[in-house]
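All remarks here apply to the structure that follows.
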Amino acid sequence: MRELSDHVTDAGWAEHVSQRLTDREEQALARSIQRGSPFGDDAWTVQTVKQLDLESTIKPRGRPRKTENGSGTFFCPAITGGLTAPE
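Numbering of the sequence shown is given in this note's numbering, commencing with residue 7 and proceeding in unit increments.
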(Lines of atoms letter the chains of each structure in order from A and count residues from 1; the text may use other names and numbers.)
(Lines give C-alpha, C1' and ligand atoms only; values in the text may rest on other atoms or scores of the structure.)
Protein backbone atom coordinates (compact mmCIF):
# COMPACT_ATOMS: atom_id res chain seq x y z
CA MET A 1 0.00 0.00 0.00
CA ARG A 2 1.17 3.50 -0.67
CA GLU A 3 1.76 5.65 2.35
CA LEU A 4 0.07 9.00 2.54
CA SER A 5 2.97 11.07 3.78
CA ASP A 6 2.70 14.25 5.78
CA HIS A 7 4.18 16.27 2.91
CA VAL A 8 1.10 15.78 0.71
CA THR A 9 -0.50 19.20 0.77
CA ASP A 10 -3.85 20.36 -0.52
CA ALA A 11 -2.15 21.22 -3.80
CA GLY A 12 -0.60 17.74 -4.12
CA TRP A 13 -3.69 15.86 -2.96
CA ALA A 14 -5.42 15.68 -6.36
CA GLU A 15 -2.23 14.41 -7.99
CA HIS A 16 -1.73 11.83 -5.22
CA VAL A 17 -5.24 10.38 -5.42
CA SER A 18 -5.22 10.44 -9.24
CA GLN A 19 -2.27 8.05 -9.49
CA ARG A 20 -3.13 4.68 -11.01
CA LEU A 21 -3.34 1.79 -8.57
CA THR A 22 -0.97 -1.14 -8.96
CA ASP A 23 -2.46 -4.50 -9.94
CA ARG A 24 -2.01 -5.69 -6.35
CA GLU A 25 -3.79 -2.61 -4.99
CA GLU A 26 -6.65 -3.05 -7.47
CA GLN A 27 -7.10 -6.68 -6.41
CA ALA A 28 -7.05 -5.74 -2.72
CA LEU A 29 -9.59 -2.96 -3.30
CA ALA A 30 -11.91 -5.27 -5.25
CA ARG A 31 -11.67 -7.91 -2.50
CA SER A 32 -12.39 -5.27 0.12
CA ILE A 33 -15.48 -4.04 -1.73
CA GLN A 34 -16.73 -7.57 -2.39
CA ARG A 35 -16.31 -8.72 1.23
CA GLY A 36 -17.13 -5.45 2.99
CA SER A 37 -13.77 -5.45 4.73
CA PRO A 38 -11.60 -2.44 5.56
CA PHE A 39 -9.13 -1.36 2.89
CA GLY A 40 -5.65 -0.33 3.94
CA ASP A 41 -2.26 -1.68 4.95
CA ASP A 42 -2.17 -4.96 6.87
CA ALA A 43 -1.57 -3.47 10.33
CA TRP A 44 -4.39 -0.93 9.98
CA THR A 45 -6.77 -3.54 8.54
CA VAL A 46 -6.15 -5.98 11.42
CA GLN A 47 -6.62 -3.22 13.99
CA THR A 48 -9.83 -1.98 12.35
CA VAL A 49 -11.26 -5.49 11.95
CA LYS A 50 -10.75 -6.12 15.68
CA GLN A 51 -12.18 -2.75 16.73
CA LEU A 52 -15.29 -3.09 14.57
CA ASP A 53 -15.78 -6.86 15.04
CA LEU A 54 -15.42 -7.57 11.31
CA GLU A 55 -13.47 -10.85 11.51
CA SER A 56 -15.93 -12.57 9.17
CA THR A 57 -15.00 -10.16 6.37
CA ILE A 58 -11.40 -11.39 6.21
CA LYS A 59 -11.90 -15.13 6.78
CA PRO A 60 -12.33 -17.51 3.83
CA ARG A 61 -15.94 -18.13 2.83
CA GLY A 62 -17.62 -21.52 2.90
CA ARG A 63 -17.00 -24.77 4.72
CA PRO A 64 -13.48 -25.77 5.65
CA ARG A 65 -12.00 -28.24 3.18
CA LYS A 66 -11.60 -31.89 4.14
CA THR A 67 -8.18 -32.88 5.35
CA GLU A 68 -6.21 -35.88 4.07
CA ASN A 69 -7.00 -37.92 7.19
CA GLY A 70 -10.71 -37.74 6.37
CA SER A 71 -11.80 -35.42 9.14
CA GLY A 72 -14.83 -33.52 8.06
CA THR A 73 -16.43 -36.70 6.70
CA PHE A 74 -20.20 -36.59 7.07
CA PHE A 75 -21.81 -39.42 9.05
CA CYS A 76 -25.42 -39.51 10.16
CA PRO A 77 -26.89 -42.72 11.70
CA ALA A 78 -30.40 -41.70 10.61
CA ILE A 79 -29.31 -41.74 6.98
CA THR A 80 -27.07 -44.83 7.17
CA GLY A 81 -29.68 -46.92 9.02
CA GLY A 82 -27.78 -46.98 12.31
CA LEU A 83 -24.59 -48.40 10.81
CA THR A 84 -21.36 -47.50 12.50
CA ALA A 85 -19.09 -44.82 11.14
CA PRO A 86 -16.48 -45.98 8.63
CA GLU A 87 -13.00 -46.43 10.13
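Backbone N, C-alpha and C fix where the C-beta goes; we use that ideal spot for every residue, glycine too.
Note that the structure is predicted; figures quoted are calculated from it, not measured.
- The residues G42, S43, P44, T54, in chain order, have a CB closer than 8 Å to that of L60 in the same chain once the five nearest residues on each side in sequence are set aside.
- Assigned with DSSP and collapsed to three states, S24 falls in coil, not helix or strand.
- Of the other Cβ atoms in all chains shown, 16 or more fall within 10 Å of the Cβ of T51; this residue is therefore buried.
- Burial is judged here by how many other beta carbons sit within 10 angstroms of a residue's own beta carbon; A20 has fewer than 16 and is exposed.
- Scanning its chain for C-beta atoms nearer than 6 Å, with the 5 sequence neighbours on each side dropped, one finds no residue around G46.
- DSSP places I64 outside both helix and strand once states are collapsed to three, so it counts as coil.
- Here A36 is exposed: its Cβ has fewer than 16 other Cβ atoms, across all protein chains shown, within 10 Å.
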